[in-house]
Structures are given as structure tokens and as C-alpha cells.
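The sequence shown runs -12 to 288 under our numbering.
All C-beta atoms in this analysis are idealised placements derived from N, C-alpha and C, irrespective of residue type, glycine included.
The model shown is predicted, which means the values in this text are computed figures rather than measured ones.
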Amino acid sequence: MRTTQPLLQHMRHSQILERLNSGEILSITELAREWDIQTKTIQRDFKKLMEGSYGVVRADDGKRFKISQKRITTKDASTAIKMLDSLSQDIGGEFYTKAQIALNKLQGHIESPFYTRIDVEDISEKMELIEQLEVAIAEQKMVSFKYRKWYALDDIKTHENVKPYKIIIFDGFFYLFCQVKDYYPKFYLKEISDLVVSEQTFEHREEVLISMQKAQDIWFDPAKVAFEVILYLDSVARVYFERKPLKSQFLKKYDNGTGEITIYITNKEEAFSILKKWLPHIKIVEPVDLQKEFESMLATY
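What follows is the structure, given as C-alpha cells:
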């Protein structure tokens, strides 16, 4: 398997904009170190992006870069609130009730033109737990809790000195993404109980959060080095990956309507999840051994 290779200019621009739009404030020095390229190259990237209509501006310290808040207009905010209202309604339960209180503070009366159907589980029964975790994550405090695995319901284990990073949602399920010693497990939120927030603090590792933001799905592993995967798309699949790109994907289009996308993953299951959703319209071009492993798995079905 190939490790991460130097990114082409359009791929760098795509990743920079994606990360800025997700709220990150980026540094030329840090990006140059992360991508193992010269700082002058990153400086030219930001110069071009600032000249475009992307809203890229210098941060308050004058050294880093961010997305200008001026791009977030009142109309944009109003539309976003209506979409959030529709999303919370689909989740339902106490979550929707509490979301409505917050949303109505932002916008008096919501008459939404949106109907949003998302497959997200109802976690209303865990709102108190979520509020505890919200404090622990914000204040970077360690936690302990009991956890029951779905495949061993009588096996309840206590986890201590857990460093909570984020509450994450993948495929409609809520997880606690955290650090336990040198591992980065994702605990299914509904199976966590008896949470205790300690006074012992820790520091979030920035590279771990970046790995999370680049993840394709729940299988990502910040402890591993990302490697390149190239996927072939037939004409049926290509249009959907154009409409809704994967994280940091680079799409190469062919005249016959097919295409190839390049992504970076840390766990082979990230690629396998994509293949399972899009069979028979997709396959792995590189690494070849990964495609062979997937075909062997299918042969046992």
C-alpha cells in the first residue's frame, strides 16, 4: 500500500477550502509540515484562494487563514435554521423539543419549506449524558463510565481515564470518539451509563481531530498513517460522487461518463463500506490487493 503522496495544487485547494468551511483556522507552516511541502507553495495556494470568491481571509493574528464571516448572510442563516429545524424534527423525541427552544430563539417562528429525511436514531433518552459529555469535551476533562457491548449484553465493563474528543454521528448512529491510552475507540452512545466527569484535565491532540475530520466513516483510525485508494466509478456512480463528494476526494472524469476518485483512508473498512453501498457500480483500482480481499469476502456470501 502506498503512503500519502504530495498533493497536486487542485487537491490542496480543495482540502484547504473544505477545512476552512468546516471552521478550521489554518497555518501555512502547519500545512507545509503536514503535507511535507515547502511553505512557499502553501503561500501561493492561499494567495490564489484569497484572490478568488471563496471568502478566504487572514485570521485575527495576521498569520493564519479563515473563512470571512461576511459570507454568512442573514438570508443564509435563516435558511440554515430552517434546515436544522427539519433535521431535528426527523430525529424526533426530546431532542426535537430542546432543539426547537434553541432554534426559536434564533428565529421567532419557523415555517420551513424543507422536508428532510435522514436516518438518525432518536437519542432523547441520553440527553443528560450528552450534556455531561458536552461539558467534559469543552473543558477537556477525563471521564469514566460503564459500557455494554451489543454482542455481549451481560458483559458490562468500566472504563476509566477516558479522554473525550467529540460526539460523532456516522450512518445515523451516535458515538463517543475518545482516547484510551494509545487507542482511539468509538463507544456507541446508547450503551454508555453511569458517566462521571473527573477534575483531571488533558489536551486534545490537533492531529487526531484532523484525522476525524478527514474520515470517510466510523472505521477511521487516527493511530494509523493514511494511505491512498483509487476507486473506479461507472457512469451510474460517477454522477452521485460529483453531486456529493467524499471527504477530500479527487475526481478524474473520462469522456465515456466513467471516472476514478482518489481518497486517503486509515482503515481498509472505510473503502469496503463505500464499495458495499455502490455495488456493482464501483471497484478498487489501487491497491489491487485490497480489491482482491474484497472479492474474496464477497465470494463467501
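Legend entry - Lys136 in three-state terms, based on DSSP: strand
Inset, instruction - Leaving out five residues on either side along the sequence, give the residues of the same chain with a beta carbon under 6 Å from the beta carbon of Gln2. - result: Ser235
Legend entry - Stretch pair the segment 214 to 231 + the segment 176 to 193: three plus CB contacts closer than 8 Å: no
Legend entry - Nearest neighbour of Gly49, chosen from Leu13, Gln25, Trp22, Val149 [CA to CA]: Leu13
Inset, instruction - Entirely within the segment 3 to 33 and at least 4 residues each: give me those alpha helix (DSSP H) ranges in chain order. - result: 15 to 22
Legend entry - Host alpha helix (DSSP H) of Gln127 (start-end): Per DSSP, Gln127 belongs to no alpha helix (DSSP H) and is neither H nor E.
Inset, instruction - Give the single residue among Gln127, Pro232, Lys255 whose Cα lies nearest to the Cα of Ala213. - result: Lys255
Inset, instruction - In angstroms with no decimal places, state the Cα-to-Cα distance between Pro172 and Val149. - result: 10 Å
Legend entry - Tyr138 burial status per 10 Å Cβ neighbour count (16 or more: buried): exposed
Legend entry - Of the residues Trp206, Gln30, Tyr251, the one placed nearest Ile155, counting alpha carbons only: Trp206
Legend entry - DSSP three-state assignment for Lys177, whether helix, strand or coil: helix
Legend entry - Sequence-distant residues of its chain with Cβ nearer than 7 Å to Ala252 (five each side left out): In the sequence as displayed, the identity of residue 252 is Ile instead of Ala. Around Ile252: Gln203, Ala213, Phe214, Val216, Ala258.
Inset, instruction - Note down the Cα distance separating Lys153 from Phe164, rounded to an integer number of angstroms. - result: 5 Å
Legend entry - Between the CA atoms of Phe161 and Thr287 - distance to the nearest angstrom: 30 Å
Legend entry - Whether Arg6 touches Gln200 by CB criterion (8 Å): yes
Inset, instruction - May I ask which residues mark the beginning and end of the alpha helix (DSSP H) holding Lys255? - result: 255 to 265
Inset, instruction - From the DSSP output, in three-state form, read off Arg192 for me. - result: coil
Inset, instruction - Could you tell me which residues DSSP pairs with His146 in its beta bridges? - result: Phe132
Legend entry - Boundaries of the alpha helix (DSSP H) in which Tyr289 is found, first to last residue: Coverage of the chain is limited to positions -12 through 288, which leaves residue 289 absent and any answer about it impossible.
Legend entry - Spatial neighbours of Thr61 in its chain, beta-carbon cut-off 8 Å, leaving aside the 5 residues before and after: With a pLDDT of 49 at Thr61, under the threshold of 50, the modelled position of this residue cannot be trusted; read the value that follows with caution. Cβ within range, chain order: n/a, list empty.
Legend entry - Closest residue to Glu194 among Asn8, Gln(-4), Arg20 (Cα-Cα distance): Arg20
Legend entry - Buried/exposed call for Val130, threshold 16 Cβ in 10 Å: buried
Legend entry - Where Glu108 falls: helix, strand or coil (DSSP): coil
Inset, instruction - Just grab the DSSP bridge partners of Lys153 for me. - result: Phe164
Legend entry - Arg(-1), DSSP secondary structure in three states: helix
Legend entry - Lys133 vs Asp142 beta-carbon contact at 8 Å: no
Legend entry - Contact set for Asp32: own chain, Cβ-Cβ below 8 Å, skip 5 residues either direction: Gln(-4), Arg(-1), His0, Ile3
Inset, instruction - On a CA-only basis, which of Ile179, Met37, Thr249, Trp265 is nearest Asp221? Give me that one, please. - result: Trp265
Inset, instruction - Can you tell me which of Lys211, Glu247, Val44, Ile110 puts its alpha carbon nearest to the alpha carbon of Tyr175? - result: Ile110
Inset, instruction - Please classify Phe281: does DSSP put it in a helix, a strand, or coil? - result: helix
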